[in-house]
Structures are given as structure tokens and as C-alpha cells.
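**Student:** Please see the structure below; I have some questions.
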Amino acid sequence: MNVGITLPGSGNPGDFARHAEEVGLESVWTGDHLISVAPKLDSTLLLAQAAATTSRLRLGFGVMILALRPVAWAAKQIATLQLLSGGRMLLGVGTGGTIHGDAAWRATGLPYKDRMAQTYAALEVLPDLVAGRTAVVDGENVTLAPGAAMPPVLIGGGLPAMRRAARHGYGWYPAFLPPAILAEAIGEFAEQAELALQAEPAGLAEHAAPAEWVEHAGPAQHAGPARHAELAQHVGSAEHAVLGRHAGPARHADLAQHAGPAGRAGLARWIPAVTAQVAMALGDLPIGLVDDHVRELTRYGMSEDYARQGLLRGGPEQAAEHLAALSAAGVERVVGLPIAGDGYRQAEFLAEAARLAGQGGASGTTRLGGPL
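Quick note on full-length UniProt numbering: the sequence shown kicks off at 1 and runs consecutively.
Okay, here's the thing in C-alpha cells:
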């Protein structure tokens, strides 16, 4: 399991990204809002600065509001970021939810009620546009250049978004869910993804190009009950490592080549990755301050008790236990969202918790720093 952090929406995100890389985190992420409840820098420029100040970090949209942009323009931005970053992008996609209202949609003259349909229509043509292949957009042939590798796609949202992601073969990007809820949801996610693949194996394998393949390094890494043993039977224990990140139709053949003849049948049993965002308030912070910020999370439609169950808090040892629980639930990546305290210090605490979990300092079930 990998561990990343959300970039601040103001200040110097490039400096923060450099700090995140120096302390050992795997990725940095940003939300994407034109008009939001809090001030927010443009996400594409923010990630471009993060790319310029780092060399290793993955760079993620958590999430891009795809339907607010003409799809060709979004594809151009994504391809440019891929090229500038050396292929380090991760593409979370969402509809903006309800907390921020419809102000951005009214400002751009776009229908708020159509945002879901527009998002999935854009995802149909986005991989070709990003890659520089000709796609039909509003009845016109469109080809962008230069092209770039399509980043892995994760659908942001709750359980309805999870089910849509499974049907379409994408990864899932839930936020603020407690480990117990995530474990149950990821089990359903794996089941529905496999059912979708069985129903339309050839088409979904192509459609699923942007999803990340799960690396099955051990039982604690699996997503969904019984899937690890099933995949191991087809691929063979010596081949597990090759089931790392593979995106795009060409990668399917590459994966089959590395897996060997005995492993090719196992490619029919794939599980898209799960990246979970968690609110975090680590270290010795005033209880009243943390409580105030936890109550703010209820704006997302959850109870205060529910928000507390999903909160990453305490010292690095306690946080490492929470990371271990998320890994056991089937989460491949955790993205911390600091809600209190100094962001730089929060990044340091999070990196230390990740190290403790990776060394078995918590439950001993988490393995951090893999290739996802």
C-alpha cells in the first residue's frame, strides 16, 4: 500500500510537494473546483508546479471535475501534465458532489443536472484523445498532439460511484470511509468488477485500460475476499510481482508476456485499484480544534461519529494501526487530507506512520512503497 497527501489549496504547493517527496511519501493530490466552499488554486497549474519541484512523486487529481471542461481541452491538459511529469499522473474523476453546489456550473453555462452523463461520455473518448489518437467529439474527428500515456482512472465518490467504476472497469476513489465500511464495499467492488468482465470480457478489457492493476504481494494486499487465491491459482506465486501497475491496451499484452503461459488465463481475473482519501489530524493537537474540523466533515453527508471512525489521528503508532486496517480492507493507496495542524508537520507524521506500518510496527500486515 502506498501513502500520499493532499496539496494545500493555497500558499506554495511546489514547496509542499518537495517536502512530501523528501519525507518519503508516494504521491500528492489536489481537488479541482472552479468555485468552492474554500479558496482553491487551479488544479492543473498546481500539479504542474508540483511536477516541476519533484522527481519521484506520483501526481493525482483527487478528483478532476471532467464535465466542467470541453473534453478535448481536458485531454490536452492531462496529456501535457503526463509529458511534463514524465508519466507520473493519476486521474481521479468526479462530478463535484453537492457540497459545493451548482455555482461553477452556472458560471460556465453548463447544465448541472447533466454532469453525470457528461462525465461518462467524456471518459469514453478521453483515452484516445490523451494518447493522440483520433476520437469523435460532437460529431467531429479530433486528434491532439503530442499524445501521452493515458493515466490510470479512478472514479471518485461513495457506493454508487463504486458500482459505476466496477461496471466500467475503473479504479475507485472513496473519501472519509471507516476501514470496516471500506472492507465491505471493496468486497462488493471486486465482485461487481468481475461480473462486469464476465459479461463483456473483450469490450471491458479495452474500456478498462485506465484502471490500475492490483499487485498481489500477499494476502493483506488483496481487494475482495477469495480473490487473491483465485488469482494466484492462475498466475502462480512467482508471478505476483508482474501484476503491478498496467494501464492501456498495449499493457495487457505486456502483462501476459511477463506472466508466462500459465499466467495468461489469470488476466481474465483483474481487480481495479482502490485509492482512499482519509481526513487526518495527527500529533498532539488541541481536542477542541480537531472536534471543530470533524464537525465540518458532516457537510459531506456523514454523521459526526462516522467522521471520527474514518479520521486518521493520534501519533504515528496509532496512525500506523489505522493504515494497517485500511490495507487489510483492500485499499492500495491512502491519501491523507490534513484538516488541522501545520501541513508540513502532518506530512512528516504521515510518512513516519507509513514507515512504521511498512516495518510491521503496527499490525504487521501493511506493505508500503509498492509500484501502484
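Glycine is no exception: its CB is placed at the ideal position from the N, C-alpha and C atoms.
Would you say residue 196 and residue 164 are within 8 Å of each other, going by their C-beta atoms?
**Tutor:** Counting from 1 along the sequence shown, the entry for residue 196 is found at position 196. Counting from 1 along the sequence shown, the entry for residue 164 is found at position 164. No.
**Student:** Terminal residues of the continuous beta strand (DSSP E) containing residue 58?
**Tutor:** Against the sequence shown, residue 58 aligns to sequence position 58. 58-65 is the extent of the beta strand (DSSP E) around residue 58.
**Student:** Looking at residue 159 and residue 310, is the spacing between their C-beta atoms short of 8 Å?
**Tutor:** Along the sequence shown, one-based indexing puts residue 310 at 310. Along the sequence shown, one-based indexing puts residue 159 at 159. No, Cβ-Cβ distance for residue 310 and residue 159 is not below 8 Å.
**Student:** Just to confirm the assignment, what range does the beta strand (DSSP E) spanning residue 5 have?
**Tutor:** Here residue 5 is taken as the residue at index 5 of the sequence shown, counted from 1. Note, residue 5: beta strand (DSSP E), 2-6.
**Student:** At which residues does the alpha helix (DSSP H) containing residue 289 begin and terminate?
**Tutor:** Numbered from 1 along the sequence shown, position 289 holds the residue referred to as residue 289. First-last of the alpha helix (DSSP H) with residue 289: 287-297.
**Student:** So, residue 276 versus residue 323, is the Cβ gap smaller than 8 Å?
**Tutor:** Mapped onto the sequence shown, residue 276 falls at position 276. Mapped onto the sequence shown, residue 323 falls at position 323. No. Outside cutoff.
**Student:** Between residue 85 and residue 77, what straight-line distance do the alpha-carbon atoms span, to the nearest angstrom?
**Tutor:** Residue mapping note: residue 85 aligns to position 85 of the sequence shown, counting from 1. Residue mapping note: residue 77 aligns to position 77 of the sequence shown, counting from 1. Going by the C-alpha atoms only, they are around 12 Å apart.
**Student:** Suppose only complete runs of 3+ residues qualify. What are the beta strand (DSSP E) ranges in the region 23-85, listed by chain order?
**Tutor:** With a minimum length of 3 residues, the continuous beta strand (DSSP E) runs that stay inside the region 23-85 are 27-30 and 58-65.
**Student:** Name the residue from 55, 122 and 70 whose alpha carbon lies nearest to the alpha carbon of residue 89.
**Tutor:** Along the sequence shown, one-based indexing puts residue 89 at 89. Comparing Cα-Cα distances from residue 89 to each of 55, 122 and 70, the minimum goes to 55.
**Student:** Ignore the nearest five residues each way along the sequence and tell me which others in residue 348's own chain have a CB closer than 6 Å to its CB.
**Tutor:** What you label residue 348 is simply residue 348 of the sequence shown in a count that begins at 1. For residue 348, where only same-chain residues beyond five positions count, the Cβ hits under 6 Å are 23.
**Student:** Is any heavy atom in the ligand ATP found nearer than 7 Å to the beta carbon of residue 198?
**Tutor:** The model depicted lacks the ligand ATP and carries no ligand whatsoever.
**Student:** Does the separation of the CB atoms of residue 329 and residue 183 fall below 8 Å?
**Tutor:** Residue 329 sits at position 329 when you count from the first residue of the sequence shown. Residue 183 sits at position 183 when you count from the first residue of the sequence shown. Contact flag set, yes.
**Student:** Buried or exposed: residue 116, going by 16 or more other Cβ atoms within 10 Å of its Cβ?
**Tutor:** In the sequence shown, residue 116 corresponds to position 116, counting from 1. Its Cβ having fewer than 16 others within 10 Å, residue 116 is exposed.
**Student:** Whole angstroms are fine: how far does the CA of residue 171 sit from the CA of residue 273?
**Tutor:** Position 273 of the sequence shown holds residue 273. Position 171 of the sequence shown holds residue 171. Spanning the two alpha carbons is a distance of roughly 5 Å.
**Student:** Name the residue from 14, 37 and 98 whose alpha carbon lies nearest to the alpha carbon of residue 27.
**Tutor:** By one-based count along the sequence shown, residue 27 stands at place 27. Cα-wise, what sits closest to residue 27 is 14.
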